[in-house]
Structures are given as C-alpha cells and as structure tokens.
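Each residue of the sequence shown is one higher than the last, beginning at 86 in our numbering. For every residue, glycine included, the Cβ atom is placed at its ideal position computed from N, Cα and C. Here is the structure we will look at, set down as structure tokens.
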Amino acid sequence: MKILADYHTHTIYSHGKGTIEDNVKVAISKGIETLGISDHSYGHLTYGVKRDDIFKMREEIDILNEKYKNKIKILLGVESNILDDKGNIDYDDKIGDVLDYVMAGYHFGSKPTNVKALINHANNYVFKTEKAKEYNTLGIINAMKNNNIFVITHPGDKGDIYIEEVAKVAKETNTKLEINSSHRFLNANQLRQIEHIGNTFIVGSDAHVPKNVGNFNLALNTIKEAKIDLSLIENIKF
Ligand SMILES: [Zn+2]
Ligand SMILES: [Zn+2]
C-alpha cells in the first residue's frame with residue numbers, strides 16, 4: 086500500500102505533541118507524498134489554534150516546503166468546527182487566503198453560536214437524543230452546502246447523524262467523507278449503508294503525536310470489514 090497523502094495531522098499549534106517539522110520527518114520516513122497539517126480551528130474553546138498562528142504556520146510551511154522540496158509536499162489545512170445546524174464553521178476568508186484546504190467536523194468543545202447550539206452539545210454529550218441526531222445531520226449538510234469543504238472528518242463521532250442524508254449531500258457537493266484512523270467513524274456499518282450512493286473517501290490518521298502520522302491501521306480494518314471498493318479511497322493506492 087502506498088500512502089499518497091495524510092491530510093489529517095495535528096501539531097503543537099492546537100493540542101498535538103509535535104511541531105510541523107516533526108510530522109514532516111515522520112511522513113518522509115514513511116514515504117508519504119503529501120502531508121497535510123490540519124489543526125483545530127479557532128472556534129474550539131480548549132484546543133483551537135490561535136487565529137493569528139495560522140499565518141505563522143503558512144510561513145513555516147513555505148520554508149519547510151523549500152527545505153524538503155525533493156522529498157515531500159506539505160499543505161496547510163484546518164479542521165474547522167461545525168458550530169450549529171445552519172452549518173456555520175469557524176472559518177473566514179482571511180484565513181482562507183492562506184489555507185490549502187478546509188476540513189470540518191463536529192467537536193464537543195466548540196464555541197456555541199447560540200443557546201440551541203449549546204443545548205445540542207448537552208444533548209449529544211449526555212442524553213444522545215433523536216433531536217440531536219437531526220440537529221447534527223442538518224449542521225453537516227448545511228456546512229457542506231455553504232462552504233467549500235474538502236473532507237468531513239469522522240462523520241458521526243461525538244454526535245450521531247443520519248449517514249445516508251449526509252452522504253447524498255456529500256456526493257452532490259463533491260465533499261469527501263473521512264474514514265478516521267483514531268476514531269471509529271466512518272465505521273463499517275455506515276460504509277455499508279451508503280455504499281449505493283457512490284461517495285469518495287479519504288483516510289486520515291488524525292495523528293496527535295508525530296509517530297502516528299500515516300498510521301491508518303484502524304481505518305484499514307474498517308475498510309476490510311466493510312469490503313468497499315478500494316478505488317473509492319482517494320489518498321491510498323493498493
Ligand atoms: Zn476531529
Ligand atoms: Zn483531528
């Protein structure tokens with residue numbers, strides 16, 4: 086198996102343990118062609134990146150691309166938070182100017198945009214209600230419709246969703262769904278449920294320590310279990 090890209094890695098700019106260059110070195114040692122740095126965006130209360138740091142990260146990555154130019158390509162992304170059912174995410178055009186791509190996912194620690202969004206966190210965290218499942222589904226769908234999102238990270242993690250509805254809009258908007266290798270989402274069940282829709286997928290390590298960059302073990306087990314067509318996964322080659 087050849088890893089063409091790992092787009093989902095974290096660094097000390099959010100709550101990862103390594104620097105950007107630490108991730109780059111591991112990626113090179115594993116023969117990865119493209120590495121994406123995608124720290125949590127600034128709307129996360131505890132481990133979001135400082136907004137100003139995104140511009141610093143751009144400069145750092147430009148320098149590293151020069152330094153390692155014959156070995157790897159490094160991209161700057163972000164893992165934005167899906168903030169509410171309107172699909173608002175912590176993203177703005179200014180940071181968009183320096184980013185290579187945007188991923189988005191739902192996380193408990195994101196700053197609620199209103200009371201309903203706050204209640205939804207509680208419904209997901211404690212009560213796991215049907216209402217929350219509807220709210221989460223709408224949030225992802227509207228996020229894909231209203232923003233140019235490359236990948237939805239760990240769909241269904243931390244808050245249940247109607248996966249078929251999400252997958253249909255992902256297909257319409259050409260958004261990839263992630264098979265995350267740190268969280269069990271997408272899982273084999275979800276993959277089987279949406280098989281007929283014809284989505285394309287990205288595997289992400291979601292590495293929070295450098296050594297896990299390109300560690301796709303959990304995701305590969307999921308893929309095997311679901312028996313999906315391997316050509317639908319865009320960032321690995323068998
Ligand atoms: Zn995440
Ligand atoms: Zn992540």
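8 Å Cβ cutoff met for residue i and residue j
i    : j    : result
V134 : V298 : no
S165 : M188 : yes
N320 : V288 : yes
F235 : K256 : no
Y98  : G162 : no
Q278 : E249 : yes
I159 : N150 : yes
G190 : I204 : no
A292 : T94  : yes
N259 : Y176 : no
D170 : N208 : no
Closer than 8 Å to chain D by CB, residue i
i    : result
Y191 : The chain labelled as chain D is not found in the depicted structure, where only one protein chain is given.
Status (buried if at least 16 other CB within 10 Å, exposed otherwise) for residue i
i    : result
L184 : buried
K86  : Note that residue 86 corresponds to Met in the displayed sequence, not to Lys. With fewer than 16 Cβ atoms within 10 Å of its Cβ, M86 is classed as exposed.
E145 : buried
V251 : buried
K148 : Here residue 148 is Ile; the residue named in the question, Lys, does not match the sequence. Exposed: under 16 other Cβ atoms inside 10 Å.
F212 : exposed
H281 : exposed
Y210 : exposed
F286 : buried
L120 : buried
T222 : buried
F323 : exposed
Proximity test, residue i beta-carbon vs ligand 4 heavy atom, cut-off 7 Å
i    : result
D291 : In the structure shown, ligand 4 is absent; the only ligands present are ligand 1 and ligand 2.
Closer than 7 Å: residue i CB and nearest ligand 2 heavy atom
i   : result
H93 : yes
Enumerated in chain order, which unbroken segments of the alpha helix (DSSP H) with a length of 4 residues or greater are wholly contained in the stretch 150–194?
Runs of the alpha helix (DSSP H) spanning 4 or more residues and lying entirely within the stretch 150–194 occur at 178–181, in chain order.
For ligand 1, list every residue whose C-beta falls under 6 Å from any of its heavy atoms, going in chain order.
Any residue whose Cβ sits closer than 6 Å to a heavy atom of ligand 1 makes the list: E164, G190, H192, T238, H239.
To test your reading of the DSSP string, which unbroken beta strand (DSSP E) runs of 3 or more residues are found completely within the stretch 276–302?
Within the stretch 276–302, the complete beta strand (DSSP E) runs of at least 3 residues are 286–289.
Length-filtered (4 minimum) alpha helix (DSSP H) runs lying within the stretch 230–262:
Taken in chain order, the complete alpha helix (DSSP H) segments of 4 or more residues contained in the stretch 230–262 are 248–257.
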